[in-house]
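Trainee: Residue numbers (the UniProt record's numbering): 1 to 400. Dropping the structure in here first, questions after.
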Amino acid sequence: MSPPPPTPRRPIVIAAGGTGGHFIPAEALARALADRGHPIALMTDRRAGTRDHGIFAQGQQFVLPGAGIAGHGLARAARAALALAQGTLQARAILRRLNAAAVVGFGGYPSVPPLLGARLLGRHRPLIVLHEGNAVLGQANAQLARFADGIATSFPQVARLPKDARTTLTGMPVRDAIAALHDQPYTPPKAEIRLLVWGGSLGARVFSDVVPDAISRLPDALRARLRITQQARAEDIERVRAAYAALGIPAEISPFFADVPALLKAAHLVIGRAGGSSVAELTDSGRPAILVPLPIAASDEQGANAASLVAAGAAWMIRQPDFTAQTLARQLDSLLSAPTILTDAAAAARSLGRPDAARRLADLVEGLLHPRPDPAYPTAAHPAAHPAATPTAAKTETTS
Numbered sequence: 001m002s003p004p005p006p007t008p009r010r011p012i013v014i015a016a017g018g019t020g021g022h023f024i025p026a027e028a029l030a031r032a033l034a035d036r037g038h039p040i041a042l043m044t045d046r047r048a049g050t051r052d053h054g055i056f057a058q059g060q061q062f063v064l065p066g067a068g069i070a071g072h073g074l075a076r077a078a079r080a081a082l083a084l085a086q087g088t089l090q091a092r093a094i095l096r097r098l099n100a101a102a103v104v105g106f107g108g109y110p111s112v113p114p115l116l117g118a119r120l121l122g123r124h125r126p127l128i129v130l131h132e133g134n135a136v137l138g139q140a141n142a143q144l145a146r147f148a149d150g151i152a153t154s155f156p157q158v159a160r161l162p163k164d165a166r167t168t169l170t171g172m173p174v175r176d177a178i179a180a181l182h183d184q185p186y187t188p189p190k191a192e193i194r195l196l197v198w199g200g201s202l203g204a205r206v207f208s209d210v211v212p213d214a215i216s217r218l219p220d221a222l223r224a225r226l227r228i229t230q231q232a233r234a235e236d237i238e239r240v241r242a243a244y245a246a247l248g249i250p251a252e253i254s255p256f257f258a259d260v261p262a263l264l265k266a267a268h269l270v271i272g273r274a275g276g277s278s279v280a281e282l283t284d285s286g287r288p289a290i291l292v293p294l295p296i297a298a299s300d301e302q303g304a305n306a307a308s309l310v311a312a313g314a315a316w317m318i319r320q321p322d323f324t325a326q327t328l329a330r331q332l333d334s335l336l337s338a339p340t341i342l343t344d345a346a347a348a349a350r351s352l353g354r355p356d357a358a359r360r361l362a363d364l365v366e367g368l369l370h371p372r373p374d375p376a377y378p379t380a381a382h383p384a385a386h387p388a389a390t391p392t393a394a395k396t397e398t399t400s
């Protein structure tokens with residue numbers, strides 16, 4: 001008599017939305033879990049609801065109401081709170097119907113309704129896991145951390161964590177094409193110097209204002225070696241392009257670049273913001289950078305991210321109030337005139353990279369779901385095979 005078929009696996013719900021900084025790592029985890037046979041569902045917000053969701057298109061997707069309430073006027077805060085309540089109740093009903101095994105949130109307010117909805121299911125609720133991409137616990141994750149079963153971190157030290165938090169250092173999942181750059185060596189500049197100016201998800205006007213002016217102040221011989229690729233807002237493209245043309249510098253200017261892995265592979269030095277995903281892409285690809293943290297970040301998480309790289313010798317930080325053409329020109333002249341400095345920084349950046357972060361995070365989720373080996377669920381994450389995948393209270397561990 002043949003054995004009965006195995007019980008179908010309960011779905012794992014990914015809660016993410018808003019910017020690519022939250023969505024890209026969520027998609028990487030979803031792909032890793034799907035490759036291990038887990039059904040995946042997505043809960044997101046209206047901003048992300050119109051995107052092509054790649055791996056999520058193979059499963060169920062739910063667009064929930066809900067919005068951040070910090071920093072709004074009273075009337076708007078009231079509307080946001082109502083939307084949050086509606087989204088939470090919808091999420092609870094969906095999670096109950098799905099019989100979800102776990103909900104994994106990636107920060108940002110789109111993750112709040114699904115995780116609160118999971119919490120409201122009581123003693124039979126799904127597992128709750130948070131991923132924090134910055135060196136400071138974000139506002140949404142800070143609200144949710146007290147009832148999370150596990151918190152995955154991207155940095156060894158994360159500020160604002162609860163004292164009893166069950167944390168595991170997994171790193172920030174990135175796209176496979178960027179993770180693949182980790183094993184490719186950095187080649188220091190010889191004749192040409194390729195500079196990548198990277199302004200975050202929408203570009204940064206300050207880079208359009210400062211970088212061309214700084215380049216104009218470099219010595220002629222150094223400036224003649226430059227090849228620049230720069231992200232800029234659509235309204236700034238023509239003036240930035242004209243500035244480089246006047247200097248005789250080959251430059252590619254665009255509001256969006258589809259092949260970021262190729263640009264990182266070619267770059268000798270990056271100038272950019274210090275969001276969690278950007279920092280992970282720099283360390284996984286082993287690229288030195290001048291980082292200009294976003295000054296309006298609520299808890300200066302970008303400053304903390306950049307400081308972590310600076311402390312390791314992997315980057316240089318210039319705060320935006322100090323990010324002038326004169327300051328940047330001095331920094332560029334110093335770095336580009338001494339290739340060994342860039343080579344050392346590239347090696348330091350690569351040493352911080354965790355290109356297998358998606359695997360580590362999937363191991364953590366599976367290890368929390370099945371803390372003891374279960375023959376019905378063969379995984380790569382049981383503590384017997386990967387002891388470091390088991391989280392410990394008030395301590396950040398690195399999965400193997």
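Ideal placement from N, C-alpha and C gives every residue a C-beta, glycine not left out.
1) Buried or exposed: N99, going by 16 or more other Cβ atoms within 10 Å of its Cβ?
2) May I have a chain-ordered list of the alpha helix (DSSP H) segments no shorter than 4 residues that lie completely inside the region 147-228?
3) Assuming I178 and D284 are in contact, meaning their beta carbons sit under 8 Å apart, how far apart are those beta carbons, in whole angstroms?
4) Give me, in chain order, the residues of the same chain whose beta-carbon lies closer than 6 Å to that of residue 426; leave out the 5 immediate sequence neighbours on both sides.
5) Examine the Cβ distances between the region 302-309 and the region 245-262 and report whether three or more of them are shorter than 8 Å.
6) Buried or exposed for E366, please, with buried defined as at least 16 other CB atoms from any protein chain shown within 10 angstroms of its CB.
7) Ordered along the chain, which non-local residues of its own chain (more than five positions away) have a Cβ less than 8 Å from that of Q326?
8) State the Cα-Cα distance for the pair G122 and A311, rounded to the nearest angstrom.
9) For L294, which residues in the same chain have their Cβ closer than 6 Å to its Cβ, ignoring the five residues on either side in sequence?
10) Just to confirm, are S111 and A140 a CB contact at a threshold of 8 Å?
11) Alpha carbons only, please: which of L161, I40, V279, G275 is nearest the one belonging to A362?
12) What are the boundary residues of the beta strand (DSSP E) that G272 is part of?
13) Tell me which residues share the same chain as Q60 and place their Cβ nearer than 8 Å to its Cβ, disregarding the 5 neighbours each side in the sequence.
14) Round the Cβ separation of R166 and A142 to the nearest angstrom and send it over; I've been treating them as touching at under 8 Å.
15) Out of G313, L328, A329, A357, which one is the CA nearest neighbour of D342?
16) Per DSSP, A102 is paired with what?
17) Please give the ranges of any alpha helix (DSSP H) in the region 243-286, keeping only runs that are unbroken, at least 4 residues long and fully inside the region.
18) For the beta strand (DSSP E) containing L291, list its first residue and its last residue.
19) Quick one: residues in its chain with C-beta nearer than 8 Å to the C-beta of D300, no 5 flanking neighbours on either side, listed in chain order?
20) Can you look up F62 in the DSSP assignment and give me helix, strand or coil?
21) Could you check whether A101 and P126 sit closer than 8 Å to each other, using their CB atoms as the reference points?
22) Would R230 be called buried (16 or more neighbouring beta carbons within 10 Å of its own) or exposed?
23) Taking Cβ to Cβ, would you say A15 is nearer than 8 Å to V103?
24) Going by the beta-carbon positions, is the gap between G108 and A280 smaller than 8 Å?
25) Pick from A262, V211, A191, P113: whose alpha carbon is nearest that of Q90?
26) Can you give me the start and stop residues for the beta strand (DSSP E) that N327 sits inside?
27) What residue range is occupied by the uninterrupted alpha helix (DSSP H) comprising I40?
28) So the candidates are S277, R239, I55, H38; which of them puts its Cα closest to the Cα of V174?
29) I'd like to know whether the C-beta atoms of A243 and P212 end up nearer to each other than 8 Å.
30) Within the continuous beta strand (DSSP E) that includes A315, where are the two ends?
31) Can you list, in chain order, the residues of its chain whose CB lies under 7 Å from that of A118, leaving out five sequence neighbours each side?
32) Quick check: the Cα distance between R9 and A93, rounded to an integer number of angstroms?
33) Report all residues from its chain with a CB closer than 8 Å to the CB of I318; omit the five preceding and five following residues, and keep chain order.
34) Whole-angstrom Cβ separation of F155 and A26, contact assumed at under 8 Å?
35) Starting from the C-beta of G87, find all residues in its chain whose C-beta is less than 6 Å away, skip the five residues before and the five after it, and write them out in chain order.
36) Go ahead and label T340 buried or exposed: buried means 16 or more other beta carbons lie within 10 angstroms of its beta carbon, across all protein chains shown.
Mentor: Reading off the structure:
1) Within the sequence shown, numbered from 1, the residue matching residue 99 stands at position 99. Exposed, because fewer than 16 other Cβ atoms sit within 10 Å of the Cβ of N99.
2) 176-179, 205-216, 220-223
3) As a position in the sequence shown, residue 178 is number 178, starting the count at 1. As a position in the sequence shown, residue 284 is number 284, starting the count at 1. The pair is a contact, with the Cβ atoms about 6 Å apart (cut-off 8 Å).
4) Any question about residue 426 goes unanswered here, given that the chain covers just 1 to 400.
5) no
6) Residue 366 sits at position 366 when you count from the first residue of the sequence shown. Buried, by the Cβ-count rule.
7) Residue mapping note: residue 326 aligns to position 326 of the sequence shown, counting from 1. A214, R217, listed in sequence order.
8) By 1-based counting over the sequence shown, the position of residue 122 is 122. By 1-based counting over the sequence shown, the position of residue 311 is 311. When rounded, the distance between both Cα atoms is 43 Å.
9) Residue mapping note: residue 294 aligns to position 294 of the sequence shown, counting from 1. The residues are R273, Q302.
10) Indexing the sequence shown from 1 puts residue 111 at position 111. Indexing the sequence shown from 1 puts residue 140 at position 140. Taking 8 Å as the Cβ cut-off, S111 and A140 qualify as a contacting pair.
11) The count along the sequence shown starts at 1 and reaches residue 362 at position 362. Among L161, I40, V279, G275, the Cα nearest to that of A362 belongs to I40.
12) If you number the sequence shown from 1, residue 272 lands on position 272. Start and end: 269-272.
13) As a working note, residue 60 is residue 60 in the sequence shown. Within the same chain, Q60 has close Cβ partners P11, A41, L42, L98.
14) The residue given as residue 166 occupies position 166 in the sequence shown. The residue given as residue 142 occupies position 142 in the sequence shown. About 15 Å separates the two Cβ atoms, so there is no contact after all.
15) Numbered from its first residue, the sequence shown carries residue 342 at position 342. For the sequence presented, residue 342 should be read as Leu rather than Asp. When only C-alpha atoms are compared, the closest one is G313.
16) Taking the sequence shown and counting its residues from 1, one reaches residue 102 at position 102. Its beta-bridge partners are I12, L127.
17) 260-266, 276-285
18) The count along the sequence shown starts at 1 and reaches residue 291 at position 291. Segment 289-291, the beta strand (DSSP E) holding L291.
19) As a working mapping, residue 300 is identified with position 300 in the sequence shown. Closer than 8 Å at the Cβ level, and outside the excluded window around D300, lie V136, P293.
20) Here residue 62 refers to the residue found at position 62 when the sequence shown is read from its first residue. Residue state, collapsed to three classes: strand.
21) As a working mapping, residue 126 is identified with position 126 in the sequence shown. As a working mapping, residue 101 is identified with position 101 in the sequence shown. Cβ distance < 8 Å, so P126 and A101 count as in contact.
22) As a first step, residue 230 must be located in the sequence shown, where it is residue number 230. Arg is not the amino acid found at residue 230; the sequence shown has Gln there. By the neighbour-count rule (16 or more Cβ atoms within 10 Å), Q230 is buried.
23) Within the sequence shown, numbered from 1, the residue matching residue 15 stands at position 15. Within the sequence shown, numbered from 1, the residue matching residue 103 stands at position 103. Taking 8 Å as the Cβ cut-off, A15 and V103 qualify as a contacting pair.
24) By one-based count along the sequence shown, residue 108 stands at place 108. By one-based count along the sequence shown, residue 280 stands at place 280. Not in contact: G108 and A280 (Cβ atoms no closer than 8 Å).
25) Working through the sequence shown from its first residue, we reach residue 90 at position 90. Comparing Cα-Cα distances from Q90 to each of A262, V211, A191, P113, the minimum goes to P113.
26) Taking the sequence shown and counting its residues from 1, the one referred to as residue 327 is at position 327. Residue identity check: residue 327 is Thr in the sequence provided, not Asn. Segment 325-336 is the alpha helix (DSSP H) holding T327; no beta strand (DSSP E) there.
27) One-based indexing of the sequence shown puts residue 40 at position 40. First-last for I40: 40-44, but that is the beta strand (DSSP E), not the alpha helix (DSSP H).
28) By 1-based counting over the sequence shown, the position of residue 174 is 174. It is S277 whose Cα lies nearest to the Cα of V174.
29) Counting from one through the sequence shown, the residue named residue 243 turns up at place 243. Counting from one through the sequence shown, the residue named residue 212 turns up at place 212. For A243 and P212, yes; Cβs fall inside 8 Å.
30) Working through the sequence shown from its first residue, we reach residue 315 at position 315. Where A315 is concerned, the enclosing beta strand (DSSP E) stretches over 315-317.
31) Along the sequence shown, read from residue 1 onward, the residue named residue 118 stands at position 118. These residues qualify, in order along the chain: L95, V103, R125, P126, I128.
32) Translated into positions along the sequence shown, residue 9 becomes position 9. Translated into positions along the sequence shown, residue 93 becomes position 93. The straight-line gap from Cα to Cα measures roughly 19 Å.
33) Taking the sequence shown and counting its residues from 1, the one referred to as residue 318 is at position 318. Closer than 8 Å at Cβ, skipping near neighbours: I290, L291, V292, T327, L328, Q331.
34) Taking the first residue of the sequence shown as 1, we reach residue 155 at position 155. Taking the first residue of the sequence shown as 1, we reach residue 26 at position 26. With a Cβ gap of about 18 Å, F155 and A26 do not count as contacting.
35) Position 87 of the sequence shown, counting from 1, holds the residue named residue 87. Cβ neighbours of G87 beyond the five flanking positions: L64, P65, G66, P113.
36) Walking along the sequence shown from the start, residue 340 turns up at place 340. Classification for T340: exposed.
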